[in-house]
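Take a look at the structure below.
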Ligand code: AMP
Ligand code: MG
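In our numbering, the protein residues as written are 770 to 1175.
Put into structure tokens, the structure is as follows:
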């Protein structure tokens, strides 16, 4: 039986980076850029005012100045400051030729002069300002040709904005994987249906599709497969037309656990079955090379909801990150201090639902009570899993343990 780290490594070994392709920038949130994006112009593209106020020459500011023009953002000035005068200017508007500084409107007073022309008075100390006050010079943030976002960057809202500023509406990225979700089990009914005696709702489909979305993938829900060979096989064949097929249930030792054998008959090559982990021991993983360039990764998650949840975070999510080129692909653990003593009785390393919180002196973690791998409700109070190594042991409050946030 594989250890968790060996199983993660085996999954990542089989998951090859997607080839880069162009997609609309609007769809690229969370993906990894596969090209360098350079500035197609200076930013700002012209000297611009940082405030609403009056553009002036500093030496002119000893007397009231006639206001000869008003420039709003989006307009170009038609006048220049080649004599003693002021031009009213709004934030973001291009600076008139000759202007040395912009005096914020709140520091000025305005009146109409004897000739009916507006006049503005500015405080005398403005004459000692440094030229350039309240002005952002052309190219101050970015020069034409500068590298703005480098290949390999994960696209967050600010990268998307910066790329949009470069005039790009499409970008080359490693695309979002499509992941089919197939729940198996004769006891399952769709969520909208009231379970009859002995039946339960297919909650895993909802949960797994949400986990896929959160990890950056595109879920393809395939509904419920009966624990019956022909039906299961037909649904598996449909699922094998995506990048990743995630099944839940049917991977244990029961008579109706048909998933491993049906995957094998569909040509999926087993990489491992069973991992030394709690919950999630029966996890199955394999691959199908549909064409020389198209590989499908296949995960058979144990059906118990917390097992499915934990196995997705430990094994499926890293595979999606690898396909998309997100680094690191592996789950990231932080060290946190236990707030309460915790006793483990484990023949396997246990990933216990837990509550991770951030305090000024570092992260703290509290185990959430749960009654085992079917207790999905316990995970609602949790935001992470705390890792307790194998063995019977009591961890004192204040002990440092590893925690993986969900
Ligand atoms: P299995 O892995 O098929 O042996 O299922 C283990 C347990 O998980 C059983 O109690 C199932 O009823 C439950 N289970 C299996 N599939 C689902 C599902 N899609 N949603 C909720 N519970 C499930
Ligand atoms: Mg089952």
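We put the beta carbon where it would ideally sit given N, CA and C, even for glycine.
Residue 942 and residue 786 have their C-alpha atoms roughly 11 angstroms apart.
Proximity to residue 946 across 771, 1136, 1101, 1086 peaks at 1086, based on C-alpha coordinates. For ligand 2, no non-hydrogen atom lies closer than 8 angstroms to the CB of residue 997.
Excluding residues up to 5 positions away in sequence, 1005 lie with their Cβ nearer than 6 angstroms to the Cβ of residue 1035 in the same chain. Taking C-beta separations shorter than 7 angstroms and ignoring five residues to either side along the sequence, the partners of residue 1031 in its chain run 998, 1001, 1002, 1005, following chain order.
The beta carbon of residue 991 sits closer than 7 angstroms to the beta carbons of 949, 950, 951, 1004, 1007, 1008 from its chain, once the five residues preceding and following it are set aside; these are given in chain order.
Straight-line spacing of the CA atoms in residue 1025 and residue 944 works out to 37 angstroms. In the three-state DSSP reduction, residue 915 falls in the coil class, being neither helix nor strand.
Counting every other CB atom within 10 Å of its CB across the protein chains shown gives residue 954 a total of 16 or more, marking it as buried. Closer than 8 angstroms to some heavy atom of ligand 2: that does not describe the Cβ of residue 1069. By the neighbour-count criterion, in which a residue is buried when 16 or more other Cβ atoms sit within 10 angstroms of its Cβ, residue 1082 is buried.
According to DSSP, residue 1115 shares a beta bridge with 1160. Looking from the CA of residue 886, the closest CA among 935, 836, 876 belongs to 836. The region 897-910 and the region 811-821 touch, with three or more beta-carbon pairs separated by less than 8 angstroms.
A check of alpha carbon separations from residue 1018 across 967, 1107, 1073 identifies 1073 as the nearest.
Contact between residue 823 and residue 871 holds: their C-beta atoms lie close to 7 angstroms from each other, under 8 angstroms.
The alpha-carbon separation between residue 1057 and residue 1109 amounts to approximately 46 angstroms.
Listed in chain order, the non-local C-beta contacts of residue 896 below 6 angstroms within the same chain comprise 827, 830, local neighbours out to five positions each way being set aside. Around the beta-carbon of residue 892, fewer than 16 other beta-carbon atoms lie within 10 Å, marking it exposed. Contact between residue 776 and residue 1041 holds, since their C-beta atoms are separated by about 6 angstroms, short of 8 angstroms. Listed as beta-bridge partners of residue 987 by DSSP are 947. Straight through space, the alpha carbons of residue 1168 and residue 933 are spaced by roughly 47 angstroms. In the structure shown, the three-state DSSP call for residue 1037 is coil.
With 7 angstroms as the limit between CB and the heavy atoms of ligand 1, the residues that fall short of it are 952, 953, 954, 956, 957, 969, 970, 971, 972, 973, 974, 1017, 1018, 1019, 1020, 1021, 1023, 1026, 1051, 1071, 1072, 1073, 1074, 1143. The region 784-799 and the region 919-929 touch, with three or more beta-carbon pairs separated by less than 8 angstroms.
In this chain, residue 1102 is not harboured by any alpha helix (DSSP H); it is covered by the beta strand (DSSP E) spanning 1102-1107. The beta carbon of residue 859 sits closer than 6 angstroms to those of 821, 841, 842, all from its chain and outside the five residues before and after it, given in chain order. The C-beta of residue 795 has fewer than 16 other C-beta atoms within 10 Å across all chains shown, which makes the residue exposed. Per DSSP, residue 927 is one residue of the alpha helix (DSSP H) stretching across 926-934.
Residue burial annotation: residue 1053 is buried, with at least 16 other C-beta atoms found within 10 angstroms of its C-beta. For residue 1069, there is no enclosing alpha helix (DSSP H); the enclosing beta strand (DSSP E) has its first and last residue at 1064-1070.
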